[in-house]
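Mapping of the sequence shown onto our numbering: position 260 corresponds to residue 644, and the numbering continues sequentially without gaps.
Every residue, glycine too, gets a C-beta built ideally from N, C-alpha and C.
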Amino acid sequence: MPGVNLEPGDVLLVRGTSLISRLIRVFDGSDVSHAAIYTGGETEDVAEVTGIGVHTSSLSKMLSDPHTEYVVVSRLAEPRPAGFVGSVLDRARHYLGRQERYAYEQIVLLALLGLSRMIPASPRFRMLMRHVCDHAAARLLDIVRCRGKEPLICSEFVFRCYDEADGPSKPVPRPILLSAEYPGASRRPRAATESLGSGEPGEGENLLEWALAGGGASEDIFESTQVPADDAAFAPAIPFEDLERLASAYLEEGSAEAESVQEAIPANDDELLRSIERFARAWSESSQPGDGAESLREDSGRDGSSARDSYLRALAYAAADFVTPGDLLRSHSLAQVTRDFGGARRG
Numbered sequence: 385m386p387g388v389n390l391e392p393g394d395v396l397l398v399r400g401t402s403l404i405s406r407l408i409r410v411f412d413g414s415d416v417s418h419a420a421i422y423t424g425g426e427t428e429d430v431a432e433v434t435g436i437g438v439h440t441s442s443l444s445k446m447l448s449d450p451h452t453e454y455v456v457v458s459r460l461a462e463p464r465p466a467g468f469v470g471s472v473l474d475r476a477r478h479y480l481g482r483q484e485r486y487a488y489e490q491i492v493l494l495a496l497l498g499l500s501r502m503i504p505a506s507p508r509f510r511m512l513m514r515h516v517c518d519h520a521a522a523r524l525l526d527i528v529r530c531r532g533k534e535p536l537i538c539s540e541f542v543f544r545c546y547d548e549a550d551g552p553s554k555p556v557p558r559p560i561l562l563s564a565e566y567p568g569a570s571r572r573p574r575a576a577t578e579s580l581g582s583g584e585p586g587e588g589e590n591l592l593e594w595a596l597a598g599g600g601a602s603e604d605i606f607e608s609t610q611v612p613a614d615d616a617a618f619a620p621a622i623p624f625e626d627l628e629r630l631a632s633a634y635l636e637e638g639s640a641e642a643e644s645v646q647e648a649i650p651a652n653d654d655e656l657l658r659s660i661e662r663f664a665r666a667w668s669e670s671s672q673p674g675d676g677a678e679s680l681r682e683d684s685g686r687d688g689s690s691a692r693d694s695y696l697r698a699l700a701y702a703a704a705d706f707v708t709p710g711d712l713l714r715s716h717s718l719a720q721v722t723r724d725f726g727g728a729r730r731g
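Following this line, the structure appears as structure tokens:
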């Protein structure tokens, strides 16, 4: 990267410009939408997790991607003891060695953000999230059932490499501390301005909390919340191209095109609730023993709760703990070295 002395272990935070990347930034209240670790070497490699798994790519490929606007380079703000970076890179190599086990899809992160953040519940947002959840559920089922992988969010990969680095060289028990301003599922960059559906969520309630409360729906709705039990792919109600139209309409709310999209692809709160539950069930299926969500599922029925409740509670548990690219950008443990405004603009 011209004018920047990158060091192995540097955290790379990418500002993406695709529609899904833009929504991730809006929902997370952040300037970035993707995270990776610079591992160095003659080819200036980058370790990241994408749809193909945990893998290495070249820095030049990242910067030349037409959807990369710029990259924020960050590293630990405190002096790093000798050997610590090597331990971080060892953890990265650990995940790289298990690349067939993990995969990441942006739509899954988008669904988690849309459900766990307090975002004004406009009709267009509800309609968008109904279909985001369906597509995220389909991707999760594809990752788990068809590809035999576990979902791993890009920023979670970066956080784990630092958090799991061990040995006497570790500077603090948790090298990357997340901002106290965004604790767990209450990390909400916006205030609610509208209520959602007949459930009338109160102030401070997000979509996931609304769903946990039943969303104002009757029990017969829950009976129709089905995710295929076999390996057949779950088919969302609309193709991805139409989802992108919805994303564009949401980002350009008020335009004539946005109004026409809302009329062409309607949705109601009952459908939204079904879609949230489908995503929760797909997420629950993708969870592994020991992640905390497993015990919640095992408790289903013991306290009078239903399987539906256990799926939603497991998702709430995950949403309260996952790390986003924005979390890394906001962390005071990471100091920004530079922003590369070249990116795809270099042409």
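In this structure, the CA atom of glycine 400 is about 33 angstroms from the CA atom of alanine 466. Distance from the CA of glutamate 534 to the CA of asparagine 652, rounded to the nearest whole angstrom, comes to 31 angstroms. Per DSSP, the continuous alpha helix (DSSP H) segment holding leucine 712 begins and ends at 709 to 714. Restricting attention to Glu426, Thr427, Ile408, Gly425, the CA atom closest to the CA of alanine 419 is found in Ile408. Here DSSP, grouped into helix, strand and coil, assigns leucine 718 to strand. A direct Cα-Cα distance of roughly 21 angstroms separates alanine 487 from leucine 499.
Closest option to glutamate 540, judged by alpha-carbon separation, among Ser670, Asp711, Arg482: Asp711. DSSP places tyrosine 454 inside the beta strand (DSSP E), whose first and last residues are 452 to 460.
Judged by DSSP secondary structure, serine 448 falls within the alpha helix (DSSP H) whose first and last residues are 443 to 448.
In the three-state DSSP reduction, proline 623 falls in the coil class, being neither helix nor strand. Assigned with DSSP and collapsed to three states, proline 392 falls in coil, not helix or strand. Judged by pairs of C-beta atoms under 8 angstroms, the region 498 to 512 does not touch the region 433 to 444, as fewer than three such pairs exist. Following the DSSP letters along the chain, one finds aspartate 429 inside the beta strand (DSSP E) bounded by residues 429 to 434.
Excluding five sequence positions before and after histidine 519, the CB atoms of its chain that fall closer than 7 angstroms to its own CB belong to Ile491, Pro620, Phe624, Leu627, given in chain order. Around the beta-carbon of alanine 719, fewer than 16 other beta-carbon atoms lie within 10 Å, marking it exposed. Per DSSP, the unbroken alpha helix (DSSP H) holding glycine 498 starts and ends at 490 to 500. In terms of Cα proximity to alanine 700, the closest of Ala631, Arg501, Ser632 is Arg501. In the structure shown, glycine 437 falls within a strand segment according to DSSP collapsed to helix, strand and coil. Serine 417 counts as buried, since at least 16 other C-beta atoms from the protein chains shown sit within 10 angstroms of its C-beta.
In the structure shown, the three-state DSSP call for glycine 424 is strand. In this structure, valine 455 sits near leucine 447, with a CB-CB distance shorter than 8 angstroms. In this chain, the alpha helix (DSSP H) harbouring isoleucine 408 covers 403 to 412. Taking each of Pro504, Leu493, Asp654 in turn and checking the Cα distance to tyrosine 634, the smallest one comes out for Pro504.
Residue pairing by DSSP places leucine 656 in no beta bridge whatsoever.
The DSSP-derived three-state label of glycine 532 is coil. Judged by DSSP secondary structure, serine 471 falls within the alpha helix (DSSP H) whose first and last residues are 468 to 480. A Cβ-Cβ distance of about 6 angstroms is found for the pair phenylalanine 706 and leucine 496, placing them in contact under the 8 angstroms criterion. Judged by DSSP in its simplified three-state form, alanine 549 adopts coil rather than helix or strand.
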